[in-house]
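2 protein chains.
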Amino acid sequence: MKLYTYDRAPNPRRLAMFMQYKGIAIETQQVDLMKAEQLGEQFRAINPAQTVPALLLDDGTLLSEVIGICTYLEELHPDRPLLGTTALEKAQVISWDHRLFTGMVIPLADMLRNSAEAFRNRALPGPYDFAQLPELVERGRLQLHCILPELDAQLAGQAWLAGDGFTFADIDLLVAVDFMAWVKESVPAECTHLKAWYERAKAELA
Amino acid sequence: MKLYTYDRAPNPRRLAMFMQYKGIAIETQQVDLMKAEQLGEQFRAINPAQTVPALLLDDGTLLSEVIGICTYLEELHPDRPLLGTTALEKAQVISWDHRLFTGMVIPLADMLRNSAEAFRNRALPGPYDFAQLPELVERGRLQLHCILPELDAQLAGQAWLAGDGFTFADIDLLVAVDFMAWVKESVPAECTHLKAWYERAKAELA
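Given below as structure tokens:
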């Protein structure tokens with residue numbers, strides 16, 4: 078098994094935190110997105126989607142979605158479960174994973190990729206070029222400020238996002254909150270529950 | 078347990094097919110999206126996100142993401158598994174679910190919601206208004222025609238999308254292919270493997 082990733086980028090960071098929390102070590106090669114190594118011939122031969130992370134299994138199967146890789150690794154390493162153990166926990170974790178993706182990660186990625194010069198013609202990840210759409214920057218900001226109070230309200234009544242324990246949903250949210258700095262956003266002062274949760278989550282991963 | 082849904086819409090249809098295939102019956106109330114019932118006070122009290130489907134559990138917990146509801150129901154009704162049984166199958170199904178969402182469902186929703194008069198100021202689902210961005214129609218079309226040949230190539234070597242058996246990934250794809258008609262798109266003639274798979278998948282659900 079070999080992992081191709083770039084730990085600094087938000088999406089791969091979700092996997093890095095998952096592995097760190099569970100104490101999983103895999104032979105890893107960093108693919109430097111700052112040098113556009115994911116777009117080179119060498120990496121395209123490994124992952125035609127030209128995205129990281131990508132986990133190459135010993136039989137040649139490639140897993141190239143974070144949630145797929147985490148699902149696979151959780152089955153192999155059930156200790157310190159992060160994807161839930163009961164039916165309801167499993168449902169809540171995957172629900173939040175999806176909700177944070179649509180409500181926070183896509184908006185943040187829209188804000189970054191449709192404004193930064195480094196993403197000119199690279200408004201979407203993957204092998205195809207897409208022009209930047211400046212309107213998506215403001216739309217992303219509006220979406221972001223819709224979900225933040227909702228998350229704050231959710232965390233008013235519970236310590237962790239998806240239920241009683243720390244889960245992958247908290248990792249998703251932690252990475253998304255840190256991603257906000259990339260577009261010069263931060264958690265509003267009035268979101269006190271979200272701020273308190275952020276310190277708890279960081280401590281959990283320390 | 079009570080399900081609020083609108084079987085005709087693409088996203089709820091994924092759940093309807095999942096339940097039909099597994100033979101799961103739940104007390105159900107249709108929320109008529111054509112009459113904007115999801116935006117009314119009555120439904121907002123049930124699901125503040127104002128989206129369907131939403132599954133209300135007996136303890137008052139609400140599950141409002143399709144993948145979360147399916148995860149919950151698969152645990153309760155493991156017969157005729159649709160989310161995979163081995164570690165690799167589970168990983169492949171959830172990976173495809175996510176990949177189809179980003180690469181096909183969002184592009185199709187962008188095409189529909191940013192062009193149809195019925196979605197004026199409703200370019201994104203949920204409780205908030207968002208202006209239509211006509212540029213997303215063409216971007217959605219480009220994205221759609223990127224993923225279709227990839228799906229065709231994937232299905233050249235295997236009968237089902239996520240591995241040896243029919244899974245929820247096939248349901249996701251079937252609903253997405255049918256969704257194409259809403260924006261006057263169809264599977265290109267040269268995607269023969271995808272076309273053959275479509276007939277197989279429809280037969281599996283008949």
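Quick note, the sequences are listed as chains A and B, same order.
The first sequence: position 49 = 126 (the numbering used here), numbered continuously.
The second sequence: position 38 = 115 (the numbering used here), numbered continuously.
Just so it is clear, CB atoms sit at the ideal spot from N, CA and C, and this is done for glycine as well.
Remember, it's a predicted structure, so these values are computed and weren't measured experimentally.
Rounded straight-line distance, which links the Cα of residue j to that of residue i
i        : j        : result
A/ILE224 : A/SER172 : 15 Å
B/GLU281 : B/LYS79  : 27 Å
A/LEU189 : A/PRO211 : 10 Å
A/VAL143 : B/PHE196 : 32 Å
A/TRP237 : A/PRO155 : 20 Å
B/CYS147 : B/ARG216 : 30 Å
A/ILE101 : B/LEU150 : 30 Å
B/PRO125 : B/PRO204 : 7 Å
B/TRP274 : B/PRO226 : 13 Å
B/THR138 : B/ALA131 : 10 Å
B/ALA193 : B/MET257 : 14 Å
A/ASP109 : A/VAL129 : 10 Å
A/LEU271 : B/ALA233 : 47 Å
B/THR269 : B/SER263 : 12 Å
B/ARG218 : A/ALA200 : 15 Å
B/SER141 : B/GLN127 : 9 Å
A/GLU276 : B/GLU267 : 53 Å
A/ILE123 : A/ASP136 : 13 Å
A/LEU134 : A/GLN235 : 38 Å
A/PHE243 : A/ASP255 : 18 Å
B/THR162 : A/THR162 : 16 Å
B/LYS112 : A/LYS112 : 51 Å
Residue i: contacting residues in chain A (beta-carbon distance under 8 Å)
i       : result
B/LEU92 : The premise fails here: B/LEU92 is roughly 13 Å from chain A at the closest Cβ pair, so nothing lies under 8 Å.
Chain B residues whose Cβ lies nearer than 7 Å to that of residue i
i        : result
A/ILE123 : Within 7 Å Cβ-Cβ: nothing; A/ILE123 doesn't reach chain B, min ~16 Å.
Residue i Cβ short of 8 Å to the ligand FMN heavy atom set
i        : result
A/LYS112 : In the structure on display, the ligand FMN does not appear, and there are no ligands present to speak of.
Within chain B, the residues that residue i reaches when beta carbons sit closer than 9 Å
i        : result
A/SER192 : Within chain B, no residue comes near A/SER192; the closest Cβ sits about 15 Å away, beyond 9 Å.
A/LEU282 : By Cβ distance, chain B contributes nothing, its closest Cβ being about 23 Å from A/LEU282, past 9 Å.
A/CYS223 : GLY203, PRO204, TYR205
A/LEU140 : LEU165, ALA168, GLN169, SER172
A/ARG216 : ALA200, LEU201, PHE207, ALA208, LEU210
Rounded distance between the beta-carbons of residue j and residue i, thought under 8 Å
i        : j        : result
A/LYS167 : A/LEU160 : 6 Å
B/LEU221 : B/PRO265 : That belief does not hold up - the Cβ atoms of B/LEU221 and B/PRO265 are roughly 10 Å apart, past 8 Å.
B/GLU174 : B/ASP249 : Looking at the sequence itself, residue 174 of chain B is Asp, so the reference to Glu does not match. 5 Å between Cβ atoms; contact.
A/ASP247 : A/ALA278 : 5 Å
B/TYR289 : B/GLN97  : Residue 289 of chain B falls outside the range modelled here, since chain B spans only 78 to 283, and no answer is possible.
B/GLU118 : A/ALA164 : Not confirmed; about 31 Å, so no contact.
Neighbouring residues, chain A, relative to residue i (Cβ below 7 Å)
i        : result
B/TYR149 : ALA164, LEU165, ALA168
B/GLU152 : ALA164, LYS167
Own chain, CB closer than 7 Å to residue i, minus 5 neighbours either side, in chain order
i        : result
A/ARG90  : ASP84, VAL252
A/GLY240 : GLU166, GLN169
B/LEU92  : THR82, PRO130, VAL143, ILE146, CYS147
A/PHE245 : PHE95, CYS147, LEU159, LEU160, VAL170, ASP174
B/VAL260 : LEU185, MET188, LEU189
B/GLY180 : GLN220, ILE224
B/GLN231 : LEU238
B/ASN191 : ALA200, GLN209, LEU210, PRO211, LEU213, VAL214
B/PRO202 : THR128
B/GLU114 : VAL108, PHE120
A/ASN88  : VAL143
8 Å CB neighbourhood of residue i in its chain, flanking five on each side removed
i        : result
A/ASN198 : ASP206, PHE207, ALA208, GLN209
A/LEU116 : GLN127, PRO204
B/ARG71  : With chain B covering only 78 through 283, there is no way to say anything about residue 71 of chain B.
Sequence-distant residues of its chain with Cβ nearer than 6 Å to residue i (five each side left out)
i        : result
B/CYS99  : Checking the sequence, you will find Lys at residue 99 of chain B rather than Cys. Same-chain partners within the cutoff: HIS154, ARG157.
B/ALA86  : LEU110
A/VAL182 : ALA253
A/ILE103 : MET78, LEU80
A/ALA283 : none
Interface partners of residue i on chain A, CB under 9 Å
i        : result
B/GLU176 : Sequence inspection shows Arg at residue 176 of chain B; the Glu mentioned does not correspond to that position. By Cβ distance, chain A contributes ALA126, SER141, GLU142, GLY145.
At 4 residues or longer, what runs of the alpha helix (DSSP H) sit wholly inside the region 176-232 of chain A? Listed in chain order, they are 183-190, 212-231.
Taking the runs of the beta strand (DSSP E) that are 3 residues or longer, which of them lie wholly in the region 116-157 of chain A? Under the rule that a run must span 3 or more residues, the beta strand (DSSP E) segments found entirely inside the region 116-157 of chain A read 131-133.
Complete beta strand (DSSP E) runs within the region 258-283 of chain B (minimum length 3 residues, chain order): Segments of the beta strand (DSSP E) lying fully in the region 258-283 of chain B: there are none.
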